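Chains as they are written, first to last, in the working numbering: chain A, 31 to 699; chain B, 31 to 699. Every residue, glycine too, gets a C-beta built ideally from N, C-alpha and C. Here the structure is a predicted model, which is why all the values come from computation and not from measurement. See structure below.
2 protein chains.
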Amino acid sequence: MTDITALSINTIRTLAADVVRKANSGHPGAPMGCAPMAQVLFSKFITGNPSNPYWINRDRFILSNGHACVLQYIMLHLAGYDVTMDDLKQTPGHPEAHLTPGIEVTTGPLGQGFANSVGSAISGEHLAALFNKPGFDLFNNHTYVITGDGCLQEGVASEAASLAGHLQLGNLIVLYDDNHISIDGDTELSFTEDVLKRFEAYGWHTQEITDGDHDLNGITAAVENAKKVTDKPSIIKIRTTIGIGSKNQGTEKVHGSPLSAEDIANIKTKFGFDSDKHFYIPDEVREYWRSFGERGQKAENDWNNLLNSYKDKYPEEAADLIRRLSNKLPNNWAAALPRYTPSDPAVATRKLSETVLNKIADIVPELIGGSADLTGSNLTRWKTAVDFQHPSTNIGNYKGKYIRYGVREHAMAAVMNGIAAYGGLIPFGGTFLNFITYAWGAVRLSALTGFRVLYIMTHDSIGLGEDGPTHQPIETLAALRALPNILVLRPADGNETSGAYLAALNNHHRPSVLALTRQNLPQLHNSSVEKTLQGGYVLEEVDNADITLVGTGSEVSIAVDAAKLLKSEGIKPRVVSMPSFELFGEQSVEYRSSVFPDGIPVVSVEAMSTYGWDTYSHAHVGMRTFGTSGPYKEVYKKYGFTPENVAAKARETIAFYKGKSVPSVIFRP
Amino acid sequence: MTDITALSINTIRTLAADVVRKANSGHPGAPMGCAPMAQVLFSKFITGNPSNPYWINRDRFILSNGHACVLQYIMLHLAGYDVTMDDLKQTPGHPEAHLTPGIEVTTGPLGQGFANSVGSAISGEHLAALFNKPGFDLFNNHTYVITGDGCLQEGVASEAASLAGHLQLGNLIVLYDDNHISIDGDTELSFTEDVLKRFEAYGWHTQEITDGDHDLNGITAAVENAKKVTDKPSIIKIRTTIGIGSKNQGTEKVHGSPLSAEDIANIKTKFGFDSDKHFYIPDEVREYWRSFGERGQKAENDWNNLLNSYKDKYPEEAADLIRRLSNKLPNNWAAALPRYTPSDPAVATRKLSETVLNKIADIVPELIGGSADLTGSNLTRWKTAVDFQHPSTNIGNYKGKYIRYGVREHAMAAVMNGIAAYGGLIPFGGTFLNFITYAWGAVRLSALTGFRVLYIMTHDSIGLGEDGPTHQPIETLAALRALPNILVLRPADGNETSGAYLAALNNHHRPSVLALTRQNLPQLHNSSVEKTLQGGYVLEEVDNADITLVGTGSEVSIAVDAAKLLKSEGIKPRVVSMPSFELFGEQSVEYRSSVFPDGIPVVSVEAMSTYGWDTYSHAHVGMRTFGTSGPYKEVYKKYGFTPENVAAKARETIAFYKGKSVPSVIFRP
Ligand SMILES: [Ca+2]
Ligand SMILES: [Ca+2]
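Put into structure tokens, the structure is as follows:
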């Protein structure tokens, strides 16, 4: 270790102790223990441009053990990113991609960053396969990860690691901070597996550094070796001392709360620093890190020159790439969305979704996705699709865009977040709607970070029938609607399915969930691609209405049939289709009150928990229990999803409000 | 293979094909491929009593690949359980524990059964350590599992496998149906890891059978070997042919839909059966399986005799065991629940929960649980706790009841389901409330199956402060409230925390979630252990009230303070505490309308998504976005959780309804 390297590492360590103490909250131990590996990565391997943190061919750095975020903030500060010393003193408790420049993905919930990195590596390999040409290595970056024991215990990381090994992602390099400590204490309490052997089993290249506190040459050589292995992801297990320098080093005591002032003073003395100086960065360390920015700026300049020559030689590819990087969809892509009339046959919305994918997959080439081993059920594979697979397998190649996620819903969602974070691609993934909750940890981060990720969720209710209650979502839409910044779209027919894709692709800064049926649905009168974007709209209007029936997805046509029954009795029903609570809630109050006019009671019908429906309706036909196994029509009948029962509920509701004032569902305090 | 064995196996196979075809839905392939291993397990290893399926020392059999349930139904039918041939023809689409006798746990969502089996094995080891005495092997059963590729790809199974290896659960034996097929096709598409090497890395004993279609002696010997290894769980990889006999055998085509009539006829001919006979069980096969019930009945008789002698020699232990098996809590256990008065100090409900655990852990000895590596945060460890660890580790033993789950939330929940299914124990587990969604796949099955499982979820809102939005639940309570058959309890102080435990333990047939604060809360006037059981109750009443303020958990005291402010202005507020929507919803309409009297507008205050609160209130102070990092008081202020803002919302609401009729929140159509 050279003097300046040692000085830099100890600067990181003392700074970490100071920052956590100042915030009076946080995790000093891991940043101190990981300082050497971060030093190696940022000084010798990571290329990035602090002046343009989102330059597309940067190396990605992901701190999967997000609670160690002080380390990342410090490295960004030293490297010259727009993270000031004042920022350092009041940073978010976990790294948030949308808040801090240089943070690629939001981490903290354990295992997510690790799984995101697999998406990042997939993107790198795919874009390289697509755009690189002889002499034009436009994409040759690596994804570097630091991870702790916690992440490696999480199922989402296991799933992602197995997938990464299968896909042979040679551009992925993980440094595992093996400090033998988790929050409860020594890892011997609960985590005694042979981690490297497990990763070997996944098909990873593995290495070990026994003294990660001091052996910088060893770490450097290991990362160099890892880069040379281009057909396997790499993991390097690095034994470190958590909270090194503290009197409690190597124990869980230094993990999750600030060190004492006295302890910090002693640490500084031990590392040759002035114990009275706080937030101290020696000038020579500042100077030393200046080269990071210079190196990064030069790399981007060279890359821009390369791109300019590329434009001349490959104008079409260049135009496509530049369009993608500007985050613009192809002109007129939406014209490809199919439209339907009521005379078109009844079709399941999952099948209508497949039709949309077939129409747009080649027009919107940045779409990349697949299914968690339910391709034939989710209907997520378009006709011209090629598998994203390592070319040596002969079952696909890295230009392919159909990802075989395997039975790994949680990793699928986290990988999609990693793909969205990378740029230039729009990820989608499919499973049954009920199993989006298997992936919730990552779905939540799609929403929090504002990534355009498409969740294509089929078999969206008890209407899936025979598979029974283990597969029938009940609480799922309530959970999604309660989650901020995510669009939930449950289309009722072909036009609304096209509208759902239009909304999902046009919403650049939030994820979308498409809830799609297994069963066939008729094409509705007055349904509309464009009106879908308003979230809710009138399908059938009538003067002096007695009742409004509102439905979503597969229940809209039941509401339409219930309206027919009511009309035959002289009752005047209106019908509203409401594919998206979120989009509807964003409309003007004038619009919303035209959809739900005051004075007319509302009955909702949705084959899902009624929880939350009191917002837009006075009475509900919905689920209050789990479902059951059986043919879908029988199951629907059992739980009252029939025109007859909806009509009965409508009559009951009209009678209830006879002579009473009907509460407004729009005008509330 | 003897003639009768071959005949039995082919009976299972042809019956599986017939049953799936009759149901016109289901999965014939795996049952046909797994018939030999099921034959071996049920004829040679599994001891169970069809006349008393819940005899406590039975061997447990768990079909983790639940879609192959026809296999399980057929084995139960053959073995003499109360599953008739008519039942067989109309069984649920996945095995449901509460519906079919002999089904231990509800499976289908992949990976769950595997993880449940770890809970089952923990229970077996713990109860053996606790109750077995020299000469009295009351607990010596095994947990046998059949699992497919799908389950082994799921994160929940990986987490559970790592935990099982760590805990050295020698009573757990897993048969892995390695058929190289998943729904999308050959496993080479997405699942190419070395499974046995991975399990070795976890510390498992591994074996391999290369011809699982025919090598019954090999399977038998492998299970015998597995039983001999008592300090490691065992997995046996068994290569099989999915849908063996079908013209499409060995492909995904036989996985998820019925075989054609012609194909089935040919299969029958191939296996020497009459192709015109359906649902055919040869007499000699029926006769052969009779011994299963005889063997099981004898085993239970012997066990009952053993228990009788045990009663004489160990009356105290016997009484405890018999009480547990009768599913009765100890007399007067609830008297130990602490009670508080307003003069008691402010304490966080997570800390109050710790106090409850300290009071009851030794009185209710069937409580067994821990935390997903957040012990010091969740405060789930009571003073006299001993770790559940393999005795060789010297950090605990199998009598210990504190489970170090590691950072494995999903496995924790699934393991708890396995413990609850086993009997004689009440499992609990802790993590941050936000991370209950990491475990949702298993939480949902706790609810669907009706297991008494306690989720002790701390840091229950943005009130956790500095960790920021990645850790702050927003949608979580809405999701839980929308999930059927689960109690959600968010206590406001010490009395309500005791009340929450009272509700959770007394509700034998549903799980409970306790949402607990990180921050301190004052002890409230008029709070009550017993009233907590009503879900919502009046904390402050007033004649001719202008407004009702309703809160949950940490926001109740804010509502109380807001009421003070309003009173000082001459406004008359009522205050309601509502620890549980579910319990409140189960009260009489008279009671509910006394809590929310007509004509008085209601303002809710809960630091959580407002989604769903329109049911019980007209206006809300709640969350509509994600939270932020910061000290909790600042964060609370930022989002309006202050007495001042609640009072302002109350004034606004009163003004809004001036001269208008106030909608009833109780009387609805
Ligand atoms: Ca660690
Ligand atoms: Ca399989």
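Assuming residue i and residue j form a contact by the criterion Cβ under 8 Å, report the distance between their Cβ atoms to the nearest whole angstrom.
i, j, result
"I696/A", "V619/A", "6 Å"
"G581/A", "E526/A", "In fact, because the Cβ distance is near 11 Å, the residues do not count as touching under 8 Å."
"V135/A", "A194/A", "About 16 Å separates the two Cβ atoms, so there is no contact after all."
"L535/A", "S153/A", "Wrong, their Cβ atoms sit about 18 Å apart, outside the cutoff."
"H235/A", "A256/A", "7 Å"
"I104/A", "L45/A", "5 Å"
"G399/A", "T410/A", "7 Å"
"L197/B", "H420/B", "6 Å"
"M31/B", "L205/B", "At roughly 17 Å, the Cβ-Cβ gap does not stay under 8 Å, so M31/B and L205/B are not in contact."
Are there 16 or more other CB atoms within 10 angstroms of the CB of residue i, so buried, or fewer, so exposed?
i, result
"D403/B", "buried"
"N424/B", "exposed"
"N79/B", "buried"
"D112/B", "exposed"
"E700/A", "The requested residue 700/A is not part of the displayed model; chain A covers only 31 to 699."
"E189/A", "buried"
"K298/A", "buried"
"P122/A", "buried"
"H440/B", "buried"
"R369/A", "exposed"
"N357/B", "exposed"
"P372/B", "exposed"
"T260/A", "exposed"
"M717/A", "Given that chain A is displayed from residue 31 to residue 699, the structure contains no residue 717/A and the question cannot be resolved."
"A685/B", "exposed"
If we count Cβ pairs, one from each stretch, closer than 8 Å, do we get three or more for the region 409-420 of chain B versus the region 445-452 of chain B?
no
For the region 110-168 of chain A, which segments carrying the alpha helix (DSSP H) assignment without a break, of at least 4 residues, lie completely within its bounds, in sequence order?
115-118, 142-161
Runs of 3 residues minimum, wholly inside the region 194-218 of chain B: which ones carry the beta strand (DSSP E) assignment?
202-208
Measuring CB atoms only, is the region 352-362 of chain A touching the region 370-387 of chain A, in the sense that at least three cross pairs come out at less than 8 Å?
no
Which of the residues in the region 214-238 of chain B, read from start to end, lie with their CB under 9 Å from any CB of chain A?
Those would be D214, G215, D216, T217, E218, L219, S220, F221, T222, E223, D224, V225, L226, K227, R228, F229, E230, A231, Y232, G233, in chain order.
Which residue spans inside the region 385-456 of chain A form an unbroken beta strand (DSSP E) run of at least 3?
397-401, 432-434
Contact between the region 161-169 of chain B and the region 164-172 of chain A (3+ Cβ pairs under 8 Å)
no
In the region 211-283 of chain A, which residue ranges form an unbroken alpha helix (DSSP H) of at least 4 residues, counting only runs that do not cross its ends?
225-232, 246-258
Return the chain-ordered ranges of every beta strand (DSSP E) run that is complete within the region 475-536 of chain B and spans a minimum of 3 residues.
If only complete runs of 3 or more residues are kept, the region 475-536 of chain B shows the beta strand (DSSP E) at 484-488, 517-519, in order along the chain.
For the region 495-513 of chain B, enumerate the residues whose C-beta is nearer than 9 Å to any C-beta of chain A, in chain order.
G495, E496, D497, G498, P499, T500, H501, I504, E505, T506, L507, A508, A509, L510, R511, A512, L513
Any residues in the region 637-661 of chain A with a beta carbon nearer than 7 Å to a beta carbon of chain B? Which ones, in chain order?
S639, Y641, G642, D644, T645, H648, A649, R654, T655, F656, S659
The region 323-342 of chain A contacting the region 512-523 of chain A, beta-carbon criterion three pairs below 8 Å:
no
Tell me whether the region 489-496 of chain A and the region 497-515 of chain B touch, counting them as touching only if at least three CB pairs, one residue from each stretch, are closer than 8 Å.
no
Count the CB pairs spanning the region 210-223 of chain A and the region 171-190 of chain A that are closer than 8 Å, and state whether there are at least three.
yes
Please list the residues of the region 50-77 of chain A that have a C-beta atom closer than 9 Å to any C-beta atom in chain B, keeping them in chain order.
A53, N54, S55, G56
When you check each C-beta in the region 572-594 of chain B against every C-beta of chain A, which residues fall closer than 7 Å?
none
Please give me, in chain order, every unbroken run of the alpha helix (DSSP H) with length at least 4 that falls completely inside the region 538-611 of chain B.
559-562, 586-598
Residues of the region 437-453 of chain B with Cβ closer than 9 Å to any Cβ of chain A, in chain order:
V437, R438, E439, H440, A441
The region 192-209 of chain A: which residues have C-beta closer than 8 Å to a C-beta of chain B, in chain order?
Going along the region 192-209 of chain A in chain order, one finds S192, L193, G195, H196 with a Cβ nearer than 8 Å to chain B.
Contact between the region 157-165 of chain B and the region 113-120 of chain B: three or more CB pairs below 8 Å?
Touching, no.
Proximal residues, the region 609-622 of chain A versus chain B, C-beta separation under 8 Å:
none
Evaluate contact between the region 88-105 of chain A and the region 47-65 of chain A, counting only Cβ atoms and requiring at least three cross-stretch pairs below 8 Å.
In the pairwise beta carbon analysis, the region 88-105 of chain A is classified as touching the region 47-65 of chain A: at least three pairs are separated by under 8 Å.
Contact residues within the region 386-407 of chain A, judged by C-beta distance below 8 Å to chain B:
S401, D403, L404, T405, G406, S407
Is the region 671-686 of chain A touching the region 544-562 of chain A, taking contact as three or more C-beta pairs under 8 Å?
Verdict: no, contact absent.
Which of the residues in the region 478-490 of chain A, read from start to end, lie with their CB under 9 Å from any CB of chain B?
L478
Segment contact, 8 Å Cβ cut-off, at least three pairs: the region 63-77 of chain B with the region 670-678 of chain A
These segments do not touch.
Where the region 542-569 of chain A meets chain B: residues whose CB sits under 9 Å from a CB there
Result list empty, no residue passes.
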